[in-house]
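Take a look at the structure set out below.
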Ligand code: ASP
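Residue numbers (the numbering used here): 6 to 342.
The following block contains the structure:
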């Protein structure tokens, strides 16, 4: 019997049409395009149902509300399908993939996000391959994770990041190997794939104030002092290299003092595409250590943001949030001991 996949279309370039004011999601277009694909399909293609969101969004507008809606729909329909394909804009796809990986605990089925750089409605496009391969993966393979399929690569969702605004291989997971490569054949890297969980549990994110601060030479920290309020629950610092910040004349001290006073969790990630941030490796990260910041290791910023939402939504106290922030919960980081 053929497997069945649920496609959730949230918006994004993949289903967009040319309009006078630029590309915009075309309502019901994806439905007819999918019908055409199904009519000409090989027997390998799983059966599928389509859920089209209203409104369809450019993924720049995706927020917690949509993350929760997607996660709830997956939860409600979980038993009816072998897997799920989420059609999503590329701009924030890695954030959504990371968020879903934390919201959906105990997965036993594939949840695959995909989209495209060129719409399906264009003659020359990457949409058709991304869509069909994602469907094949979700219907016929055992990958019990939130993944992102794009440009021939199946990546762990919470390890992925958008690396190109216009290449057709637009995503990579620089700190973790692809879970599968789709060339002439689809080759799964079984050892890299997580074991099935013990059944789906949904953790909905709550609204928490979170910030991301990228360090650059000459940064005037006072510009950012006003964001360090009592309401700020977590901040991801994109530090240099292995987790370093300017420390001459205690430049960042006031900011860090405020964070400490307000119980704001500070997570330090590297702004390098690859590698790991470890507080304490260099003297210039000492101020971070004193402020009680935690190492984000090799987590992407997308994963660190999603993980902060997740841990804060679990209602843990700050000590527990920090303790779990450095643990590998969903395959999102490699801890350095
Ligand atoms: N702006 C689009 C979006 O993220 C880009 C894309 O889908 O590739 O929705």
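C-beta: ideal position from N, C-alpha, C; glycine also.
The structure displayed is predicted, hence computed values, not measured ones.
State yes or no: is the C-beta of residue i nearer than 7 Å to some heavy atom of the ligand ASP?
i: residue 120; result: yes
i: residue 303; result: no
i: residue 202; result: no
i: residue 65; result: yes
i: residue 70; result: no
i: residue 166; result: no
i: residue 59; result: no
i: residue 134; result: no
i: residue 2; result: The question about residue 2 has no answer, for the chain in this structure spans 6 to 342.
i: residue 16; result: yes
If contacts are defined as beta-carbon pairs under 8 Å, then residue i and residue j qualify, I think. What distance do you get, rounded to the angstrom?
i: residue 292; j: residue 252; result: 5 Å
i: residue 183; j: residue 149; result: Rounded, the Cβ-Cβ distance is 16 Å, inconsistent with contact.
i: residue 111; j: residue 64; result: 26 Å between Cβ atoms; not a contact.
i: residue 27; j: residue 20; result: With a Cβ gap of about 15 Å, residue 27 and residue 20 do not count as contacting.
i: residue 178; j: residue 161; result: 6 Å
i: residue 316; j: residue 326; result: 4 Å
i: residue 237; j: residue 269; result: 5 Å
i: residue 163; j: residue 103; result: 4 Å
i: residue 107; j: residue 312; result: 6 Å
i: residue 156; j: residue 131; result: 7 Å
i: residue 129; j: residue 336; result: Actually they do not touch by this definition, with Cβ atoms about 35 Å apart.
i: residue 117; j: residue 142; result: 6 Å
i: residue 109; j: residue 207; result: 7 Å
Output the distance between the C-alpha atoms of residue i and residue j, rounded to the nearest integer angstrom.
i: residue 49; j: residue 187; result: 15 Å
i: residue 243; j: residue 302; result: 11 Å
i: residue 214; j: residue 78; result: 25 Å
i: residue 136; j: residue 151; result: 16 Å
i: residue 44; j: residue 123; result: 22 Å
i: residue 204; j: residue 211; result: 22 Å
i: residue 374; j: residue 246; result: In the structure displayed, the chain extends from 6 to 342; residue 374 sits before or after that span and is not available.
i: residue 80; j: residue 258; result: 44 Å
i: residue 74; j: residue 140; result: 21 Å
i: residue 196; j: residue 134; result: 25 Å
i: residue 282; j: residue 328; result: 16 Å
i: residue 125; j: residue 13; result: 16 Å
i: residue 353; j: residue 284; result: Coverage of the chain is limited to positions 6 through 342, which leaves residue 353 absent and any answer about it impossible.
i: residue 310; j: residue 34; result: 33 Å
i: residue 60; j: residue 222; result: 41 Å
i: residue 38; j: residue 127; result: 11 Å
i: residue 121; j: residue 71; result: 19 Å
i: residue 174; j: residue 234; result: 40 Å
i: residue 220; j: residue 100; result: 21 Å
i: residue 260; j: residue 318; result: 24 Å
i: residue 172; j: residue 46; result: 27 Å
i: residue 216; j: residue 241; result: 6 Å
i: residue 52; j: residue 69; result: 30 Å
i: residue 62; j: residue 8; result: 29 Å
i: residue 185; j: residue 114; result: 16 Å
#### Entry: Segment contact flag, the region 261-274 with the region 295-315, C-beta cutoff 8 Å, min 3 pairs
In short, these stretches touch, since the Cβ pair count reaches three.
### Query
For the 8 Å Cβ check, are there 3 or more pairs between the region 295-304 and the region 261-268?
Yes: the two stretches touch, three or more of their Cβ pairs being nearer than 8 Å.
### Query
For the 8 Å Cβ check, are there 3 or more pairs between the region 223-237 and the region 73-91?
Contact between the region 223-237 and the region 73-91 is absent, because fewer than three Cβ pairs lie under 8 Å.
### Query
How do the region 41-61 and the region 162-182 stand: do at least 3 beta-carbon pairs fall below 8 Å, yes or no?
Contact fails: fewer than three Cβ-Cβ distances are below 8 Å.
### Query
Do three or more CB pairs link the region 316-328 to the region 133-150 at distances below 8 Å?
A contact between stretches requires three or more CB pairs, one per stretch, nearer than 8 Å, and the region 316-328 fails this requirement with the region 133-150.
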